[in-house]
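First comes the structure, then the notes that go with it.
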Amino acid sequence: MIQDQKRIKMLSNFPKSNISITNRDGEVLYQNIKAVFADNMFLIEDIKLIFEEGDIIEKMLPNGRSERYEILKTGFTEGLSTIPAHFQTKVRKIIKHKAENIQGYTPSIINNTYSGVANLQVQQNTHNSSQVMNIKNGLDYEQIELILELLKCDKLKNEIPAERLSEFEKAKDDLESAIQRKDPKEKIKPVLSFIKNLIFTCGTSALSAMVVDQISKII
3 MIQDQKRIKM LSNFPKSNIS ITNRDGEVLY QNIKAVFADN MFLIEDIKLI
53 FEEGDIIEKM LPNGRSERYE ILKTGFTEGL STIPAHFQTK VRKIIKHKAE
103 NIQGYTPSII NNTYSGVANL QVQQNTHNSS QVMNIKNGLD YEQIELILEL
153 LKCDKLKNEI PAERLSEFEK AKDDLESAIQ RKDPKEKIKP VLSFIKNLIF
203 TCGTSALSAM VVDQISKII
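So the sequence shown is numbered by the working numbering: it starts at 3 and just counts up by one.
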């Protein structure tokens with residue numbers, strides 16, 4: 003009971019989404035569950051829930067509408083120190099009207115063009131397509147930008163002790179500058195490693211756990 007109260011208190015310290023979980027047969031398993039959502043992943047601290055790959059998560063939006071996600075992979079993460087145990091659930095957004103369902107739709111040939119300069123990839127000749135350019139330099143910069151957005155969260159900042167706050171702010175600024183310059187991995191990884199260790203040492207919430215986990219996947 004005391005542990006549940008502590009867990010609820012920690013969840014109140016950062017933004018959460020209101021979700022429901024439905025199985026593949028349409029049966030509602032859970033409603034009004036609180037979860038953190040970022041980078042196509044839900045972080046759920048209620049470890050008593052039972053769900054599996056293929057189930058559907060519905061996330062309520064502030065405007066009254068909702069988004070639906072298919073669960074691709076879910077895993078239980080043990081608690082570390084003051085960080086509580088939780089589920090990390092990877093999902094894929096369900097598009098209501100897919101191109102494959104349009105009457106008369108014929109799949110088109112996809113041309114992937116790779117350039118030797120910055121590994122530029124362009125996809126063309128797809129139904130209702132857009133051109134996609136992805137610059138790679140040994141790192142997933144979009145993922146790092148997501149981590150940076152989490153680092154800017156005031157709730158996470160409040161977990162850093164005052165005597166180490168200047169270090170945290172400098173590392174965050176260095177990371178933002180490195181992303182803008184598209185620095186190589188040998189320059190960015192030491193900054194990420196420092197931030198990871200600092201948050202692992204000082205963090206007390208599941209949001210901290212998510213940041214540590216996401217950085218670990220990069221470095």
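C-beta: ideal position from N, C-alpha, C; glycine also.
Closest residue to residue i among the options (Cα-Cα distance)
i, options, result
"residue 75", "154, 69, 218 and 59", "59"
"residue 56", "42, 213, 32 and 73", "73"
"residue 43", "19, 49, 87 and 34", "19"
"residue 47", "33, 215 and 87", "87"
"residue 27", "49, 54 and 175", "54"
"residue 175", "165, 194 and 188", "194"
Strand pairing of residue i, partner residues [DSSP]
i, result
"residue 199", "DSSP lists no partner for residue 199."
"residue 40", "43"
As assigned by DSSP and simplified to three states, the class of residue i
i, result
"residue 45", "strand"
"residue 124", "For residue 124, the pLDDT reaches just 43, beneath the cut-off of 50, and the residue's location in the model is therefore unreliable, although a value from the coordinates is still provided. Residue state, collapsed to three classes: strand."
"residue 217", "helix"
"residue 180", "helix"
"residue 153", "helix"
"residue 165", "helix"
"residue 61", "strand"
"residue 170", "helix"
"residue 54", "coil"
Local Cβ density within 10 Å of residue i, reported as buried at 16 or more and exposed below that
i, result
"residue 52", "exposed"
"residue 78", "exposed"
"residue 168", "exposed"
"residue 134", "Caution applies to residue 134, whose pLDDT of 41 falls short of 50 and renders its modelled position unreliable; the value that the coordinates give is listed next. Looking at its Cβ environment, which holds fewer than 16 other Cβ atoms inside 10 Å, residue 134 is exposed."
"residue 68", "exposed"
The stretch 154 to 169 touching the stretch 196 to 214, judged by at least three CB pairs closer than 8 Å: yes
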